[in-house]
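In what follows, a structure is listed as structure tokens, so that the remarks can point back to it.
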Amino acid sequence: MKRALEFVWRVLRSNLLLKIMALLFAVILWSYVLAEIDPMRVRWIPDAKVQYDNLDELQAKGLCISGSLSDVVNTADVRVEVKQSELKYLTNESSVKAHIDLSAVNGPGERTLKVTATTEHGQWLEVSPSTVKLYIDKYETRTVPVDVNVSGSVPYGYYAGTPEITPGVVTISGASVDVEKVARAVCTVDLNGMMEGYNMSVPVLLLDADGNEVDGTLFEEGQPSVIVDIKVLATKTVPVDVNSAIMGQDELAAGYEIASISAVPEAVLIAGSAEEISGISSIGLTPYSVSGASTSVAVLLDYQVPNGVTVLTEGKAEVYVEIRPVMETKDYSSIDIETRNLPDGLKAELSVNRTDVTVMAGMVQLSRLKRGDIVPYVDLEGLGKGKHTLNVLFEIPDGFAAENFSAAVVTVDVTIY
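Numbered by this note's numbering, the letters in the sequence shown go through residues -13 to 403 in order.
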């Protein structure tokens, strides 16, 4: 036998044709095996996507998985046995999936669930990890108001209005322990360089009580967003037309007139489209009537602006209408100058005993004034014997002031003896 094998080996070593024939025979035999027998092959498929089955059923029970599913288990490795001919169809993206069945979960708490698999070709043999621990909590839904953080500023000559948010709240749904972490919701808009209106969808950050971001993937809706609308307008400073707002200026009480009309502020900052404000030269006020008035008036008035234009200056206009009597003058001639407070036992002699007097006051006041009400005098209190130069003073009737009276004789010489 040994000799026979040695003979065959020598023949093969020495005969090239036989070697080639043997190789071809082996290839043909292997092709036959693959084509006819189609042997089974085993492959590990890495990172097969994990599918959580019966999530809706879990939610219907008022339950939810705490934490993001991607943080718990997102992928698994699956060991698959498949025919040689189907090996090329085996991929982790479509034909192989891992599964976690939630149908048996009936209450909150930590649960250890089995990981299984499905494959469109062959059959799965093993999954790694084979189990997963999930924390099940109560399912909760909550609405959270959204605040807008505005950063930066529009260029000089422009104004950004108050942001309007649609909707003004976001709804979050998920495990109670995760939902309760959220204290507020905010979105941020950067105004730098903005010269026209802004209307865009803006992502909303969910924050805890310490201002730390809460992962939006913890919730059923994922990362929320809102529509933020901000009007950006051109600005311009224009004077306030206060005079046109005061009605009845020619209908004051008899004998009175308007001395002045003023407003604070005298000018205001307005905002609107460039076309709307280009033709505005002043801003009017709500009309106010002073008809029949005999005293000055202080009043707050609203601004009157065209549609689409806004007054940016805060508050109302403070309007002051100064009303005074119509002034007249009346001359009185040769009014006696009296002496007052002459010390006992002394006598006084005036260098001038009479003076002409001019009274300038309101028409109504003058109409009530009598000649006897006009009393010029010199005050001798505390003076001794000798010659003194004294100012002429006036006794002031009710409703008058010293400045209403003027004497032709301003000073007189008084001799006391």
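Virtual Cβ for every residue (Gly too), placed ideally from N, Cα, C.
query	result
Indicate whether the contact test is met: 3 or more Cβ pairs, each with one atom in the stretch 323 to 332 and one in the stretch 278 to 291, closer than 8 Å.	no
In this structure, what does DSSP give as the bridge partners for LYS124?	LEU49
Quick one: any contact between the stretch 395 to 403 and the stretch 355 to 369, if contact means 3 or more CB pairs under 8 Å?	yes
Mark ALA34 as exposed unless 16 or more other C-beta atoms lie within 10 angstroms of its C-beta, in which case mark it buried.	buried
In terms of residues, what are the limits of the beta strand (DSSP E) holding GLN37?	26 to 39
Go ahead and pull the three-state DSSP assignment for TYR75.	helix
Closest to GLU72 by CA distance: which of TYR318, ALA257, ASP24 and VAL291 is it?	ASP24
Rounded to whole angstroms, what's the CA-CA distance from SER264 to VAL295? Just pull it up for me.	11 Å
Please state whether DSSP places ILE323 in a helix, a strand or coil.	coil
Does the stretch 205 to 218 come within contact of the stretch 143 to 160, defined as at least 3 CB pairs closer than 8 Å?	yes
What does a CB cutoff of less than 8 Å around GLU43 pick up in its chain, not counting 5 residues either side in sequence?	LEU88 and SER89
Whose CA, out of GLN290, THR344, SER392 and SER280, lies closest to the CA of GLU237?	SER280
Helix, strand or coil, according to DSSP, for LEU332 in the structure here?	coil
Just how far apart, CA to CA, sit ALA388 and SER246?	24 Å
Does PRO383 pass the burial test, meaning 16 or more other C-beta atoms within 10 Å, or should it be called exposed?	buried
If you follow the beta strand (DSSP E) that ARG357 is part of, which residue opens it and which one closes it?	ARG357 -> no beta strand (DSSP E), and no H or E assigned at all.
Could you tell me if TRP110 is buried or exposed, where buried requires 16 or more neighbouring beta carbons within 10 angstroms of its beta carbon?	buried
So the alpha helix (DSSP H) VAL140 belongs to, where does it begin and stop?	Segment: none, VAL140 is in no alpha helix (DSSP H) and carries neither H nor E.
Mind checking THR105: buried by the 16 CB within 10 Å criterion, or exposed?	buried
Taking DSSP as the reference, what is the three-state secondary structure of ASN185?	strand
Is it buried or exposed for LEU204, if we count other Cβ within 10 angstroms and need 16 for buried?	buried
What is the DSSP secondary structure of GLY108, counted as helix, strand or coil?	coil
Flag THR157 as yes when its Cβ comes closer than 7 Å to any non-hydrogen atom of the ligand SAH, and as no otherwise.	Among the ligands in the structure shown, none appear at all, so the ligand SAH cannot be discussed.
My understanding is that MET233 touches SER275, with C-beta atoms under 8 Å, so please give their C-beta distance in whole angstroms.	4 Å
In chain order, what residues of the same chain have a beta carbon less than 6 Å from the beta carbon of PRO32, not counting five sequence neighbours either side?	ASP63
Just list the residues that DSSP pairs VAL172 with in beta bridges.	ASP133 and LEU191
Taking 8 Å as the cut-off, decide whether the C-beta atoms of ALA171 and PRO131 are in contact.	yes
Considering only residues of the same chain and omitting the five flanking positions on each side of GLY312, which have a CB-CB separation below 7 Å?	It should be pointed out that residue 312 corresponds to Val in this sequence rather than to Gly. Contacts found: GLY241, TYR242, GLU243, GLY348 and MET349.
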